[in-house]
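Participant: Shown below is the structure under consideration.
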Amino acid sequence: MIIQDFRLKDSFLDIKRLYPILLIIFTNILGAGVILPVLPLYAEVQFQGTVPQITLLSSAFFGAQFLAAPWLGRLSDRYGRRPLLIISQIGTVAAFILFIFAGPLGERIDALGFNLPLTGGMVMLFVARILDGITGGNITIAQAYVSDVTPDENRAQGLGLLQAAFGAGFVFGPAFGGILGNYGPIMPFIGAVIVTVATLLLTVFTLEESLSPEERSENLTTGGRPRLPLSVALREQTLLLMLAIGFLSSLAFSSLPATFSLFADHVVFAQAANQDRITLYIGLMLAFLGIAQVITQLRLVRPLVEKYGERRLLILGDVVLLVSFWLLAVFSDAITVTLLLGAFAFGTGVSEPTMQALVTRFGGRNMRGHLLGLYQSARSLALIGGPILAGWLYEDFFPQAVFLAGAVVMALALLGAVMLLNREISPIEAQI
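Right under this line is the structure:
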C-alpha cells in the first residue's frame, strides 16, 4: 500500500515516503532563492534595466509557467511524476547558466546594432527567465506527488510539509545569495547552478515513482486527451470560485517578489550608511520570511486545520494577508517591515496548502496533476499581470502604492473565501 501505518500524533501519514520529495523541493527552492534578492539589482546595475523592465522579468517567468504548468501536470499523470521532475530540473539548470553568461551574450546582441528598447543583457535575462518559467511548473508535479501518497484527511498537512520545505529553501537561499553577492554579481548564479545540479541528482537517485505502472497505463489510454476537459471544469461553479480566489491572492502576492528588493533599496535602506551591504540585508529579511513560513507549516497548519477546518483557516490566512499588505504601505522602517514579512509568511503558509488540498477534492488520483496544474495556471495568470501592475504603480505613483493595491485585491479574495464557506465540494466525473 502507498499509505503506510506511520503514526504522526493522531493521524496516519507516510512521512518516510515524503522525505525525498521534501528534500528535492528544499534544494530546488534553495537554488531559486539564491538569485531572488540579487536579480532585480543585477538587472538594474549591470544591464541598465528600468523598473517596468525588471518587474516584467517576473511576468515573463509566470507567463511561461502559466502555459507550461497544466501541460507538465498532465504529462506527469500519464508518464509519472519522476521523469517529468528530472526533465524540468535540467531546464532550470540551463536557465541559471544563461544568467551567468547574460553579460557576454548580451554584448553580442548589442553589437548587432538593433535599435532595441532594452540592452542585450536584459534580453538574455528575459530568455533565461522564460526558460526557468517553462520548467518552473515542477512545483505542480511535486504537489501531485504529495497528493498521491497522502490520504484525503491528511492532504493539507502533507502539502503544508511541502510548503515548509519550500520555506526552508527560502530561508537559506536569499541569505546565501546575499552573501555570494558580495563576491561578484554572477557568484549567486554560479551558486544556484551548483545547488540545482544537486537537486537533479537527488531526484535521479532517491525519488521513487508515486504512480503505479497500471495507473500510468490507464492514463495513457485516454489517447492524449486531458482527464478533465476545460468545458467540464468551467461548469463547476465551486471550482471556478476556488480558481478565482487563487487568482486574486496571487495577483496580490506577486507585488512582493516583483518589487520588494527595489522597495528595500529605494525606501527602507535609502539612508543606510553601508550601501554595499544592502543586498545582504535584503537577503536576510527574505530569509526571515522563510523561517516564519517553515514554522507556520511545520507547527501550525495541522492544529489549525483540526481546530478551524480548511475553509475557515483559508479565511484566517486571507485576513492576515490583507492586514499585512495595508501595514506594509504604512511603515517603512527595517524592523517593522521584517516583522510584517513574518505575518505575510503566516498568511500564505496557512492559505496556500489549504487551497491546494481543497482543489484536489474534485478528482481522483488520475486527475490530481491536472487539477493542480489548472490551479497553478490560474495563479500564474495573475502572476503575469501582477508584476506589470506593480511596476506601473511603483514608478508612476509611489512605492507603497503597490501594497495598498495588494490590500484591496486581498479584500476581494477574502470575500471569495467567505462565499466558499458553505459550498459543497463533489468530485467531477470527467467526460472524455
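Take any residue in the sequence shown, note its place counting from 1, add 1126, and you have its number in the numbering used here. Note that the Cβ used here is the ideal one computed from N, Cα and C, for glycine as well.
Here's a check: name, in chain order, each residue in its chain whose Cβ is nearer than 7 Å to the Cβ of threonine 1405, leaving out the five neighbours to either side.
Facilitator: Same-chain partners within the cutoff: Pro1163, Val1164, Leu1167, Gly1304 and Gly1307.
Participant: Quick check on DSSP: helix, strand or coil for proline 1277?
Facilitator: In this structure, proline 1277 counts as coil in the three-state DSSP scheme.
Participant: Using 8 Å as the threshold, is the C-beta distance between glycine 1448 and methionine 1536 below it?
Facilitator: Checking the sequence shown, residue 1448 turns out to be leucine, not glycine. In contact: leucine 1448 and methionine 1536 (Cβ atoms closer than 8 Å).
Participant: Near glycine 1295, what residues of its chain come up, given a Cβ to Cβ distance below 6 Å and the 5 sequence neighbours on each side ignored?
Facilitator: Phe1152, Ile1155, Leu1156 and Gly1159.
Participant: Along the chain, where does the alpha helix (DSSP H) containing serine 1381 start, and where does it finish?
Facilitator: Taken as a continuous stretch (DSSP letters only), the alpha helix (DSSP H) holding serine 1381 covers 1381 to 1389.
Participant: If you draw a straight line from the C-alpha of aspartate 1459 to the C-alpha of valine 1394, how long is it?
Facilitator: Approximately 6 Å between the Cα atoms of the pair.
Participant: Please state whether DSSP places arginine 1505 in a helix, a strand or coil.
Facilitator: It is helical.
Participant: If you drop the 5 nearest sequence neighbours on each side, which residues of the same chain put their C-beta closer than 6 Å to that of glycine 1349?
Facilitator: With a pLDDT of 47 at glycine 1349, under the threshold of 50, the modelled position of that residue is not reliable, and no figure is offered here.
Participant: Going by DSSP, what residue range makes up the alpha helix (DSSP H) through aspartate 1444?
Facilitator: Segment 1427 to 1456, the alpha helix (DSSP H) holding aspartate 1444.
Participant: Assuming serine 1185 and isoleucine 1510 make a contact with CB atoms under 8 Å, what is their CB distance in whole Å?
Facilitator: With a Cβ gap of about 5 Å, serine 1185 and isoleucine 1510 count as contacting.
Participant: May I ask you to report which of helix, strand or coil DSSP gives phenylalanine 1524?
Facilitator: Coil.
Participant: Going by beta carbon distance, what residues of the same chain come within less than 6 Å of leucine 1369, once the five residues before and after it are set aside?
Facilitator: So the list reads Ala1504, once near-sequence residues are dropped.
Participant: Is leucine 1134 helix, strand or coil when you go by DSSP?
Facilitator: Confidence in leucine 1134 is poor, its pLDDT being 39 and thus under 50, which makes the residue's placement unreliable; the coordinate value appears in the next sentence. Looking at leucine 1134 - three-state DSSP - the assignment turns out to be strand.
Participant: By how many angstroms is the C-alpha of proline 1314 removed from the C-alpha of isoleucine 1320?
Facilitator: Approximately 10 Å between the Cα atoms of the pair.
Participant: Determine the closest residue to serine 1376 out of Gly1284, Gly1247 and Leu1538, with distance taken between C-alpha atoms.
Facilitator: When only C-alpha atoms are compared, the closest one is Leu1538.
Participant: Tell me the DSSP secondary structure of isoleucine 1128 in three-state form.
Facilitator: In this prediction, isoleucine 1128 scores a pLDDT of 33, lower than 50, which makes its location untrustworthy; the coordinate-derived value is nonetheless stated afterwards. DSSP places isoleucine 1128 in coil when its eight states are reduced to three.
Participant: In the DSSP assignment, the alpha helix (DSSP H) including methionine 1493 goes from what residue to what residue?
Facilitator: Methionine 1493 -> no alpha helix (DSSP H), and no H or E assigned at all.
Participant: Under 8 Å between the Cβ atoms of valine 1456 and phenylalanine 1472?
Facilitator: Taking 8 Å as the Cβ cut-off, valine 1456 and phenylalanine 1472 do not qualify as a contacting pair.
Participant: Would you call the segment 1254 to 1261 in contact with the segment 1186 to 1194, where contact means no fewer than 3 C-beta pairs closer than 8 Å?
Facilitator: Touching, yes.
Participant: Apart from the five residues on each side of it in sequence, which residues of its chain come closer than 7 Å, Cβ to Cβ, to glutamine 1269?
Facilitator: Here the set comprises Leu1285, Leu1288, Gln1482 and Leu1498.
Participant: Using a threshold of 8 Å, state whether the C-beta atoms of serine 1506 and glutamine 1191 are closer than that.
Facilitator: Yes, they are a contact pair.
Participant: In chain order, what are the residue ranges of uninterrupted alpha helix (DSSP H) at least 4 long that sit wholly in the segment 1267 to 1325?
Facilitator: The qualifying runs are 1281 to 1306.
Participant: For threonine 1325 and phenylalanine 1379, what's the separation of their Cα atoms in angstroms?
Facilitator: When rounded, the distance between both Cα atoms is 26 Å.
Participant: Nearest CA to the CA of glycine 1175: which residue from Leu1210, Leu1439, Thr1218 and Gly1229?
Facilitator: If we check each option's Cα against that of glycine 1175, Gly1229 comes out closest.
Participant: Count the other CB atoms, across all protein chains shown, that sit within 10 Å of the CB of glycine 1310; report buried if there are 16 or more and exposed otherwise.
Facilitator: So glycine 1310 ends up on the exposed side.
Participant: Let me confirm a value: glutamate 1334 is counted as buried when at least 16 other C-beta atoms fall within 10 Å, else exposed. Which label applies?
Facilitator: That one is exposed.
Participant: Threonine 1474 lies in the alpha helix (DSSP H); which residues open and close that run?
Facilitator: Unbroken alpha helix (DSSP H) run through threonine 1474: 1460 to 1486.
Participant: Taking the alpha-carbon positions, what's the leucine 1403 to alanine 1390 distance?
Facilitator: Here residue 1403 turns out to be arginine, not leucine, going by the sequence shown. So the two alpha carbons sit approximately 12 Å from each other.
Participant: Going along the chain, which residues of its own chain have a beta-carbon closer than 6 Å to the beta-carbon of leucine 1466, five neighbours each way excluded?
Facilitator: Contacts found: Ser1450, Leu1453 and Leu1454.
Participant: The alpha helix (DSSP H) with glutamine 1215 in it runs from where to where?
Facilitator: First-last of the alpha helix (DSSP H) with glutamine 1215: 1207 to 1226.
Participant: What is the DSSP secondary structure of asparagine 1154, reduced to helix, strand or coil?
Facilitator: Helix at asparagine 1154.
Participant: Within the same chain, show all residues whose beta-carbon is closer than 6 Å to that of phenylalanine 1252, passing over the 5 residues directly before and after it, in chain order.
Facilitator: Cβ neighbours of phenylalanine 1252 beyond the five flanking positions: Ala1186.
Participant: Are the Cβ atoms of arginine 1207 and serine 1336 separated by less than 8 Å?
Facilitator: Their beta carbons are under 8 Å apart, which means arginine 1207 touches serine 1336 by this criterion.
Participant: Can you tell me which of the three DSSP states threonine 1245 falls into?
Facilitator: The answer is coil: DSSP assigns threonine 1245 none of H, G, I, E or B.
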